[in-house]
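Asker: Structure below; questions to follow.
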Amino acid sequence: MSIQKILRSATQTALQQLYKVGVENVEFQATRKEFEGDITIVVFSFLRQIKGNPVEIGTQLGNYLKDNVVEVVDFNVVKGFLNLVFSDAYLHTVFSQVFNTEQYGISKQAEEQAIMVEYSSPNTNKPLHLGHIRNNLLGYSVAEILKAAGNKVYKTQIINDRGIHICKSMLAYHKYGNDESPESTGLKGDKLIGNYYVRFNQEYKKQIDKLLEEGISEEKAKKQAPLLLEAQKMLKKWEDGDKEVRLLWEKMNRWVYKGFDSTYKNLGVDFDINYYESDTYLLGKDVVQKGLEKGIFFKKPDGSVWIDLSDDGLDEKIVLRADGTAVYITQDIGTAIQRIKDYPDVKGMVYTVGNEQDYHFKVLFLILKKLGYKWADNLYHLSYGMVDLPEGKMKSREGTVVDADDLMCEMKATARSISQDLGKLEGYTDSEKENLYRMIGMGALKYYILKVDPKKRILFNPKESIDFNGNTGPFIQYTYARIQSLLRRADFDYSQRVNVNIHPKERALIKQLQDFPDVVQNAAQNHSPALIANYTYELVKGFNSFYQSVSIFAAAQEDEKIFRVQLSQAVGNVIQSAFSLLGIEMPDRM
């Protein structure tokens, strides 16, 4: 039984005996640093049922807990807050559990039910950029956290490999490409195709300007520009299965997929299942027809099919055009249902998509509920804010995006420069140095993005993220490397259990370690890697304070030296576990 359950039960018994009242909720919080104590009970919350002075109530409750709960050895009352002090024996028991539990804080995975986490879901007309990096890092980390909390997880993406935007790149390549390839240009396939997406929009803009000069309105010019009409014609050919168009589409997509795979590998993310829009874009039409028959949807005079969600605080939403073609929501309805058919053990899904799609997912989830799918209650939109740069917003069609590969290279180069300036690389081979630069650069990038609450917008500054001081990935990596150095220095057996008086700095660290399993569960419930990131930073600060205040190898007693090395190892293990949930590697030396 956890200490909070023990204290809750004892507090309820005490208040029943002392004041003849039954209390359901007992509010706990961490004891403020300026007061002695390991956990605090909020006495103010009892005043609704108990009339009296909160200090007197706290004192009586404190005496009862000290006399009846073996883990409590002392207490103090500050206004309406009862601060309890735990015994060293209890803290030794807690630490023993931490030290002796393999993968402490990580729960065993269930096999019966699964959660599917969707992220990335790129378009095949351009390379991945900084916005995709936040999406991938969030989705991957949430999937890992959900697994650590005891869930079976499938990682998936739906690749947007069809549509007018894809045809724009295809048409530009067909017109201006001269049969060049990734091999002939030395470019990654996704970058090569992305260049043609930009080229299309450049030429398209020229045609619009020309039509404007001829006196045509801007609205008509945008619709009548020859390039757009050709792209629309190409899309129709693709949908009709035109052999030549399909062969070009397949060739260009192969190049893009190879490029994506390289980026994913460097970013350290992976997928269990891929879905393709070219396979799923017709899904959902049959579902709409069945929903129409049941009265869930209705048909307008022009033949288009809609759903009225005004009673739910939303508005009317089209699900089928007048010509019978599907819209995005139709496809998403069909894809969600198809995923459950493909993986019947899936009982919930997480969609990692930017907050500009908040309304879309409210509608999608509501429609699925109205269609009678019980699993629709377990759908979650992991909505996140956009990533901005100091110089402004990115625009793909204008080619003003921060390319994901270029950013990762820049992060590694910055890590190389800073590490060389610090001059702590003696004894490293060249390959070891390059691997270290990669770890530091990627650790800085991932931590900088994941430490922010997903809902918040990020202003990303690469130089700010790589700092060996403060709330950064490299600072935490450096502390982990310091712990590994300390463990290598320990040339004695420190595996046996010892009993020592616990120093206040050690006490603080043990309590932080004890919190890790709850932090993992809380991060899973809130779909927030930021909770893991910021817990780890606080743990590292606690360790550094301990390291600077308490002598380890010059301890007065051998048992103290053993215990402090054990404590250091436990902290290192939890740091590594926490950072693995963020997808960040830890160097043994820095």
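Here the sequence shown stands for residues 0 to 589, numbered as in numbering that gives the first Met the number 0.
Cβ atoms here follow ideal geometry from the backbone N, Cα and C, with glycine treated the same way.
#1: So what does S591 bridge to, in DSSP terms?
#2: Use the C-beta contact count for M0: other C-beta atoms within 10 angstroms, 16 or more gives buried, fewer gives exposed.
#3: Hey, how far is the Cα of D404 from the Cα of T262?
#4: L449 and S140 - do their beta-carbons sit closer together than 7 Å?
#5: Just list the residues that DSSP pairs T155 with in beta bridges.
#6: Among residues of its own chain, excluding the 5 on either side of T413, which ones have a beta-carbon nearer than 7 Å to its beta-carbon?
#7: Taking its Cβ as the centre, do 16 or more other Cβ atoms sit within 10 Å of T100, making it buried, or is it exposed?
#8: Report the three-state DSSP secondary structure of K540 (helix, strand or coil).
#9: When you compare each of T184, G21 and E110 to Y153 by their alpha carbons, which one comes out closest?
#10: With distances taken from CA atoms, which of Q108, C166 and T92 is nearest N122?
#11: Decide yes or no for the touch test of the segment 183-201 against the segment 268-280: beta carbon pairs closer than 8 Å, at least 3 of them.
#12: Buried or exposed: which applies to D402, given that a residue is buried once 16 or more other Cβ atoms fall within 10 Å of its Cβ?
#13: Rounded to whole angstroms, what is the Cα-Cα separation between V268 and A171?
#14: Look at the alpha carbon of F296 and the alpha carbon of K289, and state the distance between them as a whole number of angstroms.
#15: Once you ignore the five residues that flank L530 on each side, which residues in its own chain have a CB closer than 7 Å to its CB?
#16: Quick check: L571 and I482, are their CB atoms within less than 7 Å of each other?
#17: For I49, which residues of its own chain have a beta-carbon under 8 Å away from its beta-carbon, when the five flanking residues on both sides are left out?
#18: Based on Cα-Cα distance, which residue from V549, L64, H526 and N533 lies nearest to T351?
#19: Which term fits P453, buried or exposed, when burial requires 16 or more other beta carbons within 10 angstroms of its beta carbon?
#20: Output the residue ranges of the alpha helix (DSSP H) runs that lie fully inside the segment 184-217 and measure 4 residues or longer, sorted by chain position.
#21: Which value, in whole angstroms, describes the spacing of the CA atoms of A113 and N354?
#22: With DSSP as the reference, please indicate the residues paired to E315 in a beta bridge.
#23: What three-state label does DSSP hand A325 in the structure shown?
#24: State the DSSP-derived secondary structure class of I49, mapped to helix, strand or coil.
#25: Since I believe N75 is in contact with E35 (beta carbons under 8 Å), could you give me their beta-carbon distance rounded to a whole number of angstroms?
#26: For D271, is the classification buried or exposed, using 16 other Cβ atoms within 10 angstroms of its Cβ as the cut-off for buried?
#27: Going by beta carbon distance, what residues of the same chain come within less than 7 Å of I424, once the five residues before and after it are set aside?
#28: Out of Y358, E584 and L512, state which residue places its alpha-carbon closest to the alpha-carbon of N434.
#29: Return the chain-ordered list of same chain residues with a C-beta closer than 8 Å to the C-beta of M410, the five sequence neighbours on each side being excluded.
#30: Apart from the five residues on each side of it in sequence, which residues of its chain come closer than 7 Å, Cβ to Cβ, to V93?
#31: In this structure, how does DSSP classify F296 when only helix, strand and coil are distinguished?
#32: Return the bridge partner residues of G347 from the DSSP annotation.
#33: Have a look at T535 and P586 and give me their C-alpha separation to the nearest angstrom.
#34: Per DSSP, H128 is paired with what?
#35: What is the DSSP secondary structure of F491, counted as helix, strand or coil?
#36: Touching or not, the segment 533-548 and the segment 492-501, by the rule of three or more beta carbon pairs under 8 Å?
Answerer: Once the coordinates are examined:
#1: Absent from the structure is residue 591, since the part of the chain shown begins at 0 and ends at 589.
#2: exposed
#3: 6 Å
#4: yes
#5: DSSP output for T155 lists E117 and I272 as bridge partner(s).
#6: G440, P461, K462 and I465
#7: By the neighbour-count rule (16 or more Cβ atoms within 10 Å), T100 is not buried but exposed.
#8: helix
#9: The shortest C-alpha separation from Y153 is found at E110.
#10: C166
#11: Fewer than three beta-carbon pairs drawn from the segment 183-201 and the segment 268-280 are found closer than 8 Å, and the two stretches are therefore not classed as touching.
#12: buried
#13: 31 Å
#14: 9 Å
#15: V518, N521 and A522
#16: At residue 571 the sequence reads Gly, which differs from the Leu that was named. Contact: yes.
#17: Excluding residues within five positions, the ones whose Cβ falls inside 8 Å are L14, Y18, V20 and I56.
#18: H526
#19: buried
#20: Runs of the alpha helix (DSSP H) lying entirely within the segment 184-217, each at least 4 residues long, are 188-212 in chain order.
#21: Between the alpha carbons of A113 and N354 lies a distance of about 25 Å.
#22: Answer is D307, bridged to E315.
#23: strand
#24: coil
#25: 6 Å
#26: Exposed is the call here.
#27: Looking at the sequence shown, residue 424 is not Ile but Leu. So the qualifying residues of the chain are S418 and K432.
#28: E584
#29: G440, M441, A443, L444, P461, S464 and I465
#30: I509 and Q513
#31: coil
#32: I114
#33: 16 Å
#34: D402
#35: coil
#36: no
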